[in-house]
Amino acid sequence: MRRVSYPARSGWQRTVESQGLIYHTPNGRTYWDESAYYEFSSAEIDKLEAATNELQQMFLAVGQRIIDRNLFRTLHIPEHAERLIRATWEQEPPAIYGRMDLAFDGTNIKLLEYNADTPTALLEAAVIQWYWLQDAFPHRDQFNSLHERLIAKWKELRDYLPGVLVFAHLDDAEDWTTITYLQDTALQAGFQTANMLIKDIGVKDGKFVDIHDEPLLSCFKLYPWEWMVHEEYGALLESNDTLWVEPIWKMMWSNKGILPLLWEQYPHHRLLLECYFDSPRQMQYYAKKPLLSREGNNIALVTPGGTIARDGDYGEEGFVYQELAPVKNFNGNYPVIGSWLIDGESAGMGIRESETMITDNLSRFVPHIF
Amino acid sequence: MRRPKVLTLALVGTLAGCGPNISREAEVQRCIDSAGRMADEQNCRQLPHGGGGGGYVGYLPMYRWVYGGNGGYQPGSRVYGYSESPTPGIDHVNAASLAGRGYSVGGARVGITNSGGFAAPSARGGFGSTGEGGHGGGGE
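Here the protein sequences line up with chains A and B, keeping their order.
Residue numbers for the first sequence follow the numbering used here, so the first one is 1 and each next one is one higher.
Residue numbers for the second sequence follow the numbering used here, so the first one is 1001 and each next one is one higher.
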């Protein structure tokens, strides 16, 4: 794995905008960064793919353990959500995608966390970096079968998801981009689709309805379950038959509390970082992460060089303490691998790099080749 | 997890079934407690005319009538986006009446049919309040 400086394409802003990436330079800060790329060997890509698939199996096993041993309160999951999680875990409703964030130094791979419920940066990984590869290195390859696999998965679900497939989200540029891309892949798979804001989901006679007051039968929501279950309509989830994608059981995996549970079940596993609920214990250097933090908020890193902390409004549910990850420093750039899974299988990756060891919403997306 | 300190109403309730059978609208009247939750309407009926009462919690009366908004119709349900005074020129209907007809949740207004019944009310805004609290997107 190496980071290579490379000239950006002339007029790259117009190019990526034409491909759907409208927030390449939010507030004047570079987000899509093609002034460099990361180069991997085929063996490294194979290693990342295998690690992602192995971790997925470990998550399945820990999910089963949460259910069997009733560990929901440990994760601060409320009772009404627990009943839905148990039911959907057994019924296996559609689950489309997820993104594991991995630290990789060229040798060691370590799981940082799993964004299993509402991952974004999908268009960049699936489309934008692929077109960049065609322009910059047409004879090289990229770990990226996201687009084809998304369409294939939606096709599989044609007979399973009834009615119009509604895509619901917040009024946010990044979310809008991700949802529009996913909607596009569903359209290509033959779905009739619609798009609405999450706040416009209605209730009529106790049943969820769309913006036209038609029954909401199938809904992909880019909105975290941990928010939904605590909001006003959360109490109606149990009495509704809406098929939600991603399913509610993903609450277990996107909760940082899964990390110490993984460590308990697979102690000293080569892909895991040591992690605990109660305290850092004997760890000298570690990351303190809120159970439900998002975008790097309220994360504190205790490093040999001092403590790096991000403010935010998370943490009331408690924290986990995770061993400091070996994120390699490439001349002041710290890359984190976003390893994507479609239908539970490794399907590609995107790289976000930051100037600190915390990946947040200001981190840059940098393309890769192998 | 972040929760908004001020819960905002995203969209007032919409009137369902605006067809020819609907003759007029009525605003939903709710009895709430000082925590903004639906209370037994008996608590508000005992209040002095036109005012809140039943004691005070801080500056808020323990029980009071509010108008419009979104939320459940049963005691204990959270209510969002209501007004402290009725909209002039429009009738009101008690939430308990709607609950008695099997409606569990709804918006600011309901339709009154020509036969004097209620049209099924739809409500909106029950999802999204956390994300609308200045957080940014729902994805990460």
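Yeah, the Cβ is synthetic: ideal placement off N, Cα and C, and Gly gets one too.
- The Cβ atoms of A/L301 and A/I358 sit closer than 9 angstroms to each other.
- One alpha carbon belongs to A/P224, the other to A/E54, and they sit about 25 angstroms apart.
- Residue state for A/K289 is assigned as strand, using DSSP reduced to three classes.
- The beta carbon of A/T242 sits no closer than 9 angstroms to any beta carbon of chain B.
- Annotation: A/S346 to B/Q1042 spans about 59 angstroms, alpha carbon to alpha carbon.
- Of all residues in the stretch 114 to 148 of chain A, those with a C-beta nearer than 7 angstroms to a C-beta of chain B are N115, T118, P119, T120, reading in chain order.
- At least one CB of chain A lies nearer than 9 angstroms to the CB of B/S1129.
- Under DSSP, B/Q1029 takes part in a beta bridge, and its partners are B/Y1067, B/N1094.
- The three-state reading of DSSP puts B/E1084 in coil, since its state is none of H, G, I, E or B.
- Residues of the stretch 271 to 284 of chain A with a C-beta atom less than 9 angstroms from some C-beta of chain B do not occur.
- Proximity of A/T178 to chain B, defined by a Cβ-Cβ separation below 9 angstroms, is satisfied.
- Excluding residues up to 5 positions away in sequence, F40, I45, L48, E49, G348, M349, H368, F370 lie with their Cβ nearer than 8 angstroms to the Cβ of A/F143 in the same chain.
- Distance from A/V127 to A/G20 at the Cβ level is roughly 7 angstroms; contact confirmed, criterion being Cβ atoms closer than 8 angstroms.
- Between A/E214 and A/G163, the C-beta gap is smaller than 9 angstroms, which places the two residues in contact.
- From the beta-carbon of A/E79, no residue of chain B is found nearer than 9 angstroms; the closest lies around 16 angstroms away.
- In the DSSP assignment, A/W340 forms a beta bridge with A/R99, A/G348.
- The C-beta separation of A/A235 from A/H80 comes to about 7 angstroms, placing the pair in contact by the 8 angstroms criterion.
- Between A/H169 and B/G1139, the C-beta spacing is below 9 angstroms.
- For secondary structure counted as the beta strand (DSSP E) over 3 or more consecutive residues, the stretch 184 to 211 of chain A holds these complete runs in sequence order: 193 to 197, 202 to 204, 207 to 209.
- Interface annotation, B/A1123: in contact with chain A, CB-CB separation under 9 angstroms.
- Counting other Cβ atoms within 10 Å of its Cβ, A/E232 reaches 16 or more and is therefore classed as buried.
- By the Cβ neighbour-count rule, A/R69 is exposed, with fewer than 16 other Cβ atoms within 10 Å of its own.
- In the three-state reduction of the DSSP assignment, A/M58 falls in the helix class.
- The beta carbon of A/E238 lies closer than 7 angstroms to those of H80, R83, L84 in the same chain, with the five residues before and after it left out.
- Note that the C-beta distance between A/V166 and A/A189 is not below 9 angstroms.
- Looking at the backbone, the Cα of B/E1027 and that of A/I179 are separated by about 36 angstroms.
- Between A/I258 and A/L75, the CB-CB gap stays under 9 angstroms.
- Here A/P280 is buried, its C-beta having at least 16 other C-beta atoms within 10 Å.
- For B/R1078, no beta strand (DSSP E) run applies, since DSSP gives it neither H nor E.
- Rounded to whole angstroms, the separation of the alpha carbons of A/F277 and A/A287 is 12 angstroms.
- Cβ proximity to chain A below 7 angstroms picks out R1078, Y1080 from the stretch 1074 to 1097 of chain B.
- Collapsing the DSSP output to three states places A/L112 in a strand.
- In summary, no residue of the stretch 344 to 355 of chain A has a CB separated from any CB of chain B by less than 7 angstroms.
- When the five nearest sequence neighbours on each side are left out, the beta carbons in the same chain lying within less than 6 angstroms of the beta carbon of A/P260 are those of C275, Y276, F277, V320, in order along the chain.
- For A/T30, there is no enclosing alpha helix (DSSP H), as DSSP marks it with neither H nor E.
- Bridge pairing for A/P280: absent [DSSP].
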